[in-house]
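All remarks here apply to the structure that follows.
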Amino acid sequence: MLNKAKGKFKKLAIAAVMIASLLIPTTAFAGQTITSNSTGYDGDFYYSFWTDGGGYASMTINGNGSYSTSWSNCGNFTAGKGWRTGAERVINFSGTFNGGNNGYLAVYGWTKNPLVEYYIVENYGSWTPPGGQSVGTINSDGGTYNLYRTQRVNQPSIIGTATFYQYWSVRTSKRSSGSVTTANHFNAWKSKGWTMGSHDYQIVETEGYQSSGSSNITVSEGSSTGGGDNGGNTGGGDNGGSTGSINLNSWQCNNRSSSLNSWTGAVGGWKVGDWIQFNNVDLSGKTYLNFNLASAQSGSYKVVIDNYYGTQIGTLNFTSTGGWDTYTNQSCNLSSVSGSHTLYIICTSGTANVGTLTLGG
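Residue 70 in our numbering sits at position 70 of the sequence shown, and the numbers go up by one each step.
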């Protein structure tokens with residue numbers, strides 16, 4: 001019975017994502033309660049709410065990274081807050097969760113090329129998702145997670161009807177507060193040959209199906225993806241530990257050209273000479289800079305340290321991604337630099353919507 005219900009649950013949940021992805025984002029205000037399908041921004045955070053209309057479900061916007069949900073005899077609903085563009089980030093969450101008999105609390109997101117839907121499940125009701133046999137485990141952030149891969153065939157997705165994989169990490173000891181080092185999970189999945197593409201949105205979601213429950217959750221971002229504890233994969237494969245990469249969110253830069261447009265998820269409106277600046281960036285051992293960007297044209301950026309007219313350590317020549325909302329990862333090599341520096345990203349031709357920048361080595 002639970003497996004049958006869960007099959008319906010997932011079909012509806014994915015349809016929810018597809019429909020939610022087509023909604024025009026709006027700006028919410030603290031204290032607003034949402035009961036109809038909506039996406040948008042609350043301060044620095046992206047939010048998504050979807051319901052199939054059965055029973056009652058609501059999401060209350062509590063300011064910045066906080067939200068609460070309540071559902072009663074609902075059909076299917078999903079709600080959460082996070083980021084319009086996903087990344088290898090440390091995600092902090094705290095609060096309360098009552099999942100009833102069929103609901104869960106999870107870091108949730110999608111990638112494109114390949115199309116992947118992923119879950120890092122932290123808490124759940126009486127049914128443990130996604131069912132089936134675990135193919136391994138990962139130790140991360142003070143707990144053990146069972147790993148699963150499932151496939152959806154000709155089902156709704158963020159790009160329409162498609163066939164795609166779902167990747168799961170399900171924590172064995174339930175919790176409603178803590179930190180999730182997403183890089184540990186991404187690396188564990190990759191060690192099994194489960195590839196991921198360019199990130200779409202990423203949220204901490206509450207999801208329920210034909211049940212009643214509630215949650216009150218606050219979401220925030222940690223300082224870097226180099227944190228977390230042992231990411232080792234004890235189910236076979238390579239070590240799923242941290243990559244030591246550093247994420248720099250463009251919209252959270254320390255300074256930028258006044259003519260640039262900034263929103264949660266990206267910075268746009270670039271003209272030649274425009275720049276964004278990050279202070280005290282440790283470049284030791286960093287050999288490349290990845291740009292998560294979207295553009296309908298080609299162009300270039302230069303990477304400069306210390307001041308606007310300082311030493312150039314890299315050049316990105318990017319190609320069109322096919323549209324202003326189609327984000328892909330494009331990288332450039334960096335010259336060897338030691339220590340912490342002020343980092344400038346300067347437009348030298350073309351224009352793009354620039355999301356998260358990732359330094360790695």
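We put the beta carbon where it would ideally sit given N, CA and C, even for glycine.
Since we're looking at a predicted model, the values are computed, not measured.
As computed with DSSP, K190 is found in no beta bridge at all. Minimum Cα-Cα distance from V303 among the listed residues N62, I346, N292, N290 corresponds to I346.
DSSP places M59 inside the beta strand (DSSP E), whose first and last residues are 56-61.
By the beta-carbon neighbour count (other beta carbons within 10 angstroms, threshold 16), Y308 is exposed.
In chain order, S340 place their CB closer than 6 Å to the CB of D282, counting only its own chain and leaving out the 5 sequence neighbours on each side. Under the three-state reduction of DSSP, W251 is assigned to helix. Distance from the CA of T163 to the CA of N261, rounded to the nearest whole angstrom, comes to 36 Å. With a contact defined as Cβ atoms closer than 8 Å, Y327 and T319 miss out at about 13 Å. Assignment of T78 by DSSP, reduced to helix, strand and coil, places it in the strand class. For the options Q297, L359, T342, the alpha carbon positioned closest to that of D325 is the one of Q297.
Taking the C-beta atoms as reference points, I246 is found no nearer than 8 Å to L343.
Annotation for K302: the continuous beta strand (DSSP E) segment containing it runs 299-305. Closest by C-alpha distance to G178, out of Y288, G142, S212, S198, is G142. Of T315, L293, F49, T128, the smallest CA-CA separation from G323 is found for L293.
Three or more Cβ pairs closer than 8 Å define a contact, and the region 39-50 falls short of that threshold against the region 168-183.
DSSP, read as helix, strand or coil, puts T85 in coil. N290 sits in a strand when the DSSP states are folded into three classes. Counting every other CB atom within 10 Å of its CB across the protein chains shown gives T315 a total below 16, marking it as exposed. Non-local C-beta neighbours of F186 in its own chain, meaning closer than 7 Å and more than five positions away in sequence, comprise E88, M196, ordered along the chain. Straight through space, the alpha carbons of S68 and Q32 are spaced by roughly 11 Å. Counting only runs that start and end inside the region 151-205, the alpha helix (DSSP H) elements of at least 4 residues fall at 182-191. Residues N261, N353 of the same chain have their beta carbon placed closer than 6 Å to that of G268, with the five preceding and five following residues left out of the count. In the DSSP assignment, G109 falls within the beta strand (DSSP E) that extends over 103-112. Pairwise C-beta distances place the region 92-104 in contact with the region 112-127, as three or more of them are shorter than 8 Å.
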